[in-house]
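Residue numbers (the numbering used here), protein chains in the order written: chain W, 3 to 116; chain X, 22 to 135. This report refers to the structure that appears directly beneath it.
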Amino acid sequence: AQTVTQSQPEMSVQEAETVTLSCTYDTSESNYYLFWYKQPPSRQMILVIRQEAYKQQNATENRFSVNFQKAAKSFSLKISDSQLGDTAMYFCAFTYQGAQKLVFGQGTRLTINP
Amino acid sequence: DTAVSQTPKYLVTQMGNDKSIKCEQNLGHDTMYWYKQDSKKFLKIMFSYNNKELIINETVPNRFSPKSPDKAHLNLHINSLELGDSAVYFCASSGTPAGRDEQYFGPGTRLTVT
Chain W
3 AQTVTQSQPE MSVQEAETVT LSCTYDTSES NYYLFWYKQP PSRQMILVIR QEAYKQQNAT
63 ENRFSVNFQK AAKSFSLKIS DSQLGDTAMY FCAFTYQGAQ KLVFGQGTRL TINP
Chain X
22 DTAVSQTPKY LVTQMGNDKS IKCEQNLGHD TMYWYKQDSK KFLKIMFSYN NKELIINETV
82 PNRFSPKSPD KAHLNLHINS LELGDSAVYF CASSGTPAGR DEQYFGPGTR LTVT
């Protein structure tokens, strides 16, 4: 069975700082995909970034980037120049080709302080 | 233009009642999902439908019955509501069964059973 683990229940940083959220996963699949979703207080689930396992290059989206370590089954999210609007729950999620579902980690509550 | 919409957004009801949550997507997607987010924010798949056919039923009690009248709609009917059903229910859709395609989430329905 596939599992996703986020070991940091809560994190807090000052505005403009850089923060890294951790995620590890366990799978025997070879063709899989990893995601980070953001859930602000509005409750809406928003895709932040996506990584295909077959791609060696780490994905980046503006201030958001990942450190994908396939051998270690690690998928961390780095937020640079953090902003107040980044305050949210962040979920790491996993799926594989044909899985028909996302498997989520427990979430990390990130607070950006002014 | 809302991509995935759910109604209602809030639902308060008593134990033993029957209730429905409706979901509609205007993205032309073939695959739709229901996820449950519990009080600890943990998200878990309940059902997955592809082209109106049930693909995944993730050990959900049979008091929960999804219905897909067409590819754009996936409704969730819950019989004999219990206190433990209190949660946020998210509908989602994707262009293909979960894989490389992003899942688009609705705004969620907060169900409170008293």
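Positions of the beta carbon are idealized from the N, C-alpha and C atoms, including for glycine.
Looking at residue i: is its Cβ nearer than 8 Å to the Cβ of residue j?
i: W/V6; j: W/F96; result: yes
i: W/T110; j: W/M13; result: yes
i: W/N115; j: W/Q10; result: no
i: W/L23; j: W/L112; result: yes
i: X/L64; j: X/S114; result: no
i: X/Q58; j: X/T135; result: no
i: W/T26; j: W/I81; result: no
With hydrogens ignored, establish whether the beta-carbon of residue i is closer than 7 Å to any heavy atom of the ligand NAP.
i: W/T113; result: Absence of the ligand NAP from the depicted structure is noted, as is the absence of any ligand whatsoever, leaving it without description.
In this structure, how does DSSP classify residue i when only helix, strand and coil are distinguished?
i: W/D88; result: helix
i: X/L104; result: helix
i: W/S9; result: coil
i: W/D28; result: strand
i: W/F106; result: strand
i: X/P87; result: strand
i: W/M47; result: coil
i: X/T135; result: coil
i: X/F68; result: strand
i: W/R52; result: strand
i: W/S14; result: strand
Enumerate in chain order the residues of its own chain whose CB-to-CB distance from residue i is below 7 Å, with the five nearest sequence positions on each side excluded.
i: X/N72; result: D51, K92
i: W/K72; result: A55
i: X/L132; result: L32, D106, S107, A108, Y110
i: X/P128; result: Q27, K30
i: X/N38; result: L102
i: X/E45; result: S26, A93, H94
Return the chain-ordered list of same chain residues with a C-beta closer than 6 Å to the C-beta of residue i, the five sequence neighbours on each side being excluded.
i: X/K88; result: N96
i: X/I66; result: Y56, E79
i: W/D83; result: A18, R65
i: W/P42; result: A90
i: X/M53; result: Y70, L95, S114
i: W/Y34; result: A55, Y98
Can you say whether residue i is buried or exposed, counting buried as having 16 or more other CB atoms within 10 angstroms of its CB?
i: W/D28; result: exposed
i: W/G107; result: buried
i: X/V33; result: exposed
i: X/S69; result: buried
i: X/L75; result: exposed
i: W/K103; result: buried
i: W/K40; result: buried
i: W/T62; result: exposed
i: X/T130; result: buried
Within the same chain, show all residues whose beta-carbon is closer than 8 Å to that of residue i, passing over the 5 residues directly before and after it, in chain order.
i: W/N60; result: Q53, S67, V68, N69, F70
i: X/T117; result: D51, T52
* Three or more beta-carbon pairs under 8 Å between the stretch 85 to 104 of chain W and the stretch 103 to 112 of chain X, yes or no? -> With the cut-off at 8 Å, the stretch 85 to 104 of chain W and the stretch 103 to 112 of chain X do not touch.
* To do: Kindly confirm or deny that the stretch 123 to 133 of chain X and the stretch 45 to 57 of chain W touch, where touching means at least three C-beta pairs closer than 8 Å.
  => yes
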